[in-house]
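Input: a single structure, listed below in structure tokens.
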Amino acid sequence: MSYLFLEYPKCNTCRNAKKWLDEHKITYEDRHIIDRNPSVEELTEWIKRSKLPLKNFFNTSGLVYKEMKLKDKLPAMSEAEQIALLASDGKLIKRPLLISENQVLVGFKADEWNNLVK
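For what it's worth, my numbering labels the leading residue of the sequence shown as 33, then goes sequentially.
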């Protein structure tokens with residue numbers, strides 16, 4: 033199976049996820065989420081495929097999220113506006129993301145990844 037791994041290399045959680053992938057001998061295409069942030073089209077597809085609420089894709093602990101006061105602004109925004117916002121800055125996106133043709137994992141929890149990545 034082919035995986036796309038979106039990460040921010042300075043992020044400890046991303047480094048832990050990458051180590052986990054390597055230890056489990058899972059091959060993946062590595063993509064820097066800030067340098068090559070996902071497009072509106074990619075995010076729309078991944079959100080749909082994940083079956084997760086859109087809010088799960090926001091990096092709510094990030095500085096950009098807090099500086100923009102998105103906790104208060106997001107509820108008034110449409111889904112399209114929120115996805116466009118995510119596509120505008122990779123730092124707004126919860127990371128890492130692990131994408132395959134049939135699953136989308138957001139964030140890293142080893143137990144979740146153990147169950148889903150086979």
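Here a beta-carbon is modelled for each residue, glycine too, at the ideal position from N, C-alpha and C.
Under a Cβ-count criterion, where at least 16 other Cβ atoms within 10 Å of its own Cβ denotes burial, should residue i be classed as buried or exposed?
i	result
Pro70	buried
Leu95	exposed
Asn134	exposed
So, helix, strand or coil for residue i, using DSSP?
i	result
Ile58	coil
Phe140	coil
Tyr40	coil
Arg47	helix
Ile79	helix
Leu130	strand
Ile125	strand
Report back the beta-carbon spacing between residue i and residue j to the nearest angstrom; my notes put them in contact at under 8 angstroms.
i	j	result
Leu86	Glu113	With 8 angstroms as the limit, Leu86 and Glu113 do not qualify as a contact, their Cβ atoms being about 11 angstroms apart.
Leu118	Phe89	6 angstroms
State the Cα-Cα distance for the pair residue i and residue j, rounded to the nearest angstrom.
i	j	result
Asp62	Tyr40	10 angstroms
Tyr35	Lys50	12 angstroms
Ile66	His56	26 angstroms
Ala116	Leu75	9 angstroms
Leu84	Leu137	10 angstroms
Asp121	Ser93	15 angstroms
Arg81	Ser132	10 angstroms
Asn91	Thr59	25 angstroms
Leu53	Glu77	23 angstroms
Lys101	Val72	21 angstroms
Lys103	Met109	11 angstroms
Does the CB of residue i have a neighbour CB from chain D at under 8 angstroms?
i	result
Glu111	Included in the structure is just one protein chain, with no chain D present.
Discussion item. Would you call the region 126-139 in contact with the region 44-57, where contact means no fewer than 3 C-beta pairs closer than 8 angstroms?
Written reply: yes
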